[in-house]
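Numbering (the working numbering), first residue to last: 229 to 571.
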């Protein structure tokens, strides 16, 4: 591949600044980024730093990367709305920035790598509309959502409105509570679920959300109140191990995987292009992202997402190497489940 040949001439240090230590970042993106840079930029020293959910710490890490002479930075902002200062510092130091997964903030961004938002927002609601539980009626739904400052929030709300909105209108679904989880903080999601159960007297049949870590906190509340056989999680995003176990165990209807490997490979290739000043590989960039700063939008690579259901875990999760059968089934809660019994 041409990009790999170009990469062989690039040497120096590149930083990847990740937002937090949740599974998708620590167990997935970190190793996949390492593999991608080993493939496309083998002479580059990739340093991966994690902000641990602290915006200020991520800013400090950007300053450290610049001071260390970074050739480029892969930035997954912890809070896109507060990333302008980091982008300005990088621009002043003439360090190209490739934003990654999370929305790019207002500032100089060379490239962005993300996912197909419309598809991400619509895929699970479309599946759920065709596979919605037959009872009870009305189905009492708690919506424990994420942070409305993020574009993924709007995309998922649009998908819900399009595919599940008609079920609300005809009385199949009754939304009994709705909460936003600012900052996607799992502890806050747990509080939201506790408030919902108090408000409804425990009369909840399912939960719709948009983040695995917040939904795992919600599930903890459900289990603590002994309601795990009554309440189902309808969906999730990120493919964390607890979420996949819920799907395999019949406690969650669907899950969404984003293209971790494809996104990591794209980031490595775009870093090479940024450093060398050459064009990105043909066909890699497929759209632009309007970050309200870069004229004409940030050149962007968007990758597709995959819906995981109880029937396709082997094909979508196990075969690609995200989680093994042993990892999924290595928990007392999975004993006796159909998935683990058959595997």
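All residues carry an ideal CB built from backbone N, CA and C; glycine is no exception.
Would residue 474 be called buried (16 or more neighbouring beta carbons within 10 Å of its own) or exposed? The residue is buried, with at least 16 neighbouring Cβ atoms inside 10 Å.
Tell whether a beta-carbon distance below 8 Å holds between residue 304 and residue 329. Yes; because the gap between Cβ atoms is below 8 Å, this pair is in contact.
Enumerated in chain order, which unbroken segments of the beta strand (DSSP E) with a length of 3 residues or greater are wholly contained in the segment 263 to 347? Positions of the beta strand (DSSP E) runs, each at least 3 residues long and wholly inside the segment 263 to 347, are given as 272 to 278, 300 to 303, 325 to 328 and 339 to 343 in order along the chain.
Euclidean distance between Cα positions of residue 456 and residue 431: When the Cα atoms are used, residue 456 and residue 431 turn out to be separated by approximately 13 Å.
Whole-angstrom C-beta distance between residue 519 and residue 513, which should lie under 8 Å: Rounded, the Cβ-Cβ distance is 15 Å, inconsistent with contact.
Report back the beta-carbon spacing between residue 248 and residue 279 to the nearest angstrom; my notes put them in contact at under 8 Å. Rounded, the Cβ-Cβ distance is 7 Å, consistent with contact.
Could you spell out where the alpha helix (DSSP H) holding residue 418 opens and where it closes? 414 to 428 is the span of the alpha helix (DSSP H), which, as asked, contains residue 418.
Counting beta carbon pairs with one atom in the segment 296 to 310 and one in the segment 238 to 246, are three or more of them shorter than 8 Å? A contact exists between the segment 238 to 246 and the segment 296 to 310.
CB-CB length for residue 425 against residue 551, believed under 8 Å: Not quite, the Cβ-Cβ distance comes to about 30 Å (not below 8 Å), so this is no contact.
Looking at the structure shown, is residue 384 part of a helix, part of a strand, or coil, going by DSSP? In the structure shown, residue 384 adopts helical secondary structure according to DSSP, grouped into three states.
Going by the beta-carbon positions, is the gap between residue 387 and residue 349 smaller than 8 Å? Yes, the Cβ-Cβ distance between residue 387 and residue 349 is below 8 Å.
For residue 370, which of helix, strand or coil comes out of DSSP? Of the three classes helix, strand and coil, the one that applies to residue 370 here is strand, per DSSP.
Cα-Cα separation, residue 400 to residue 545: If I take the Cα positions, the gap works out to 31 Å.
Report the rounded CA-to-CA distance for residue 460 versus residue 500, giving the unit in angstroms. Those two C-alpha atoms are separated by around 45 Å.
Is the beta carbon of residue 528 sitting closer than 8 Å to the one on residue 306? Cβ atoms of residue 528 and residue 306: not closer than 8 Å.
Does the distance from the CB of residue 521 to the CB of residue 286 come in under 8 Å? Note that the C-beta distance between residue 521 and residue 286 is not below 8 Å.
So what does DSSP say about residue 230, is it helix, strand or coil? The predicted model places residue 230 with a pLDDT of 38, which falls under 50 and marks its position as unreliable, so this point remains unresolved.
Would you kindly report the start and end of the unbroken alpha helix (DSSP H) that includes residue 410? Looking at the DSSP string, residue 410 is not in any alpha helix (DSSP H), and its letter there is neither H nor E.
What does a CB cutoff of less than 7 Å around residue 553 pick up in its chain, not counting 5 residues either side in sequence? Apart from the 5 residues on each side of it in sequence, residue 553 sits with its Cβ closer than 7 Å to the Cβ of 546 and 571 in its chain, given in chain order.
CA-CA distance, residue 275 and residue 419? Answer to the nearest angstrom: the Cα atoms are 36 Å apart.
Do residue 504 and residue 471 have their C-beta atoms within less than 8 Å of each other? No, the Cβ-Cβ distance between residue 504 and residue 471 is not below 8 Å.
Ignoring anything shorter than 3 residues or poking outside the segment 527 to 571, list the beta strand (DSSP E) runs there in chain order. For the segment 527 to 571, whole beta strand (DSSP E) runs of length 3 or above, ordered along the chain, are 533 to 536.
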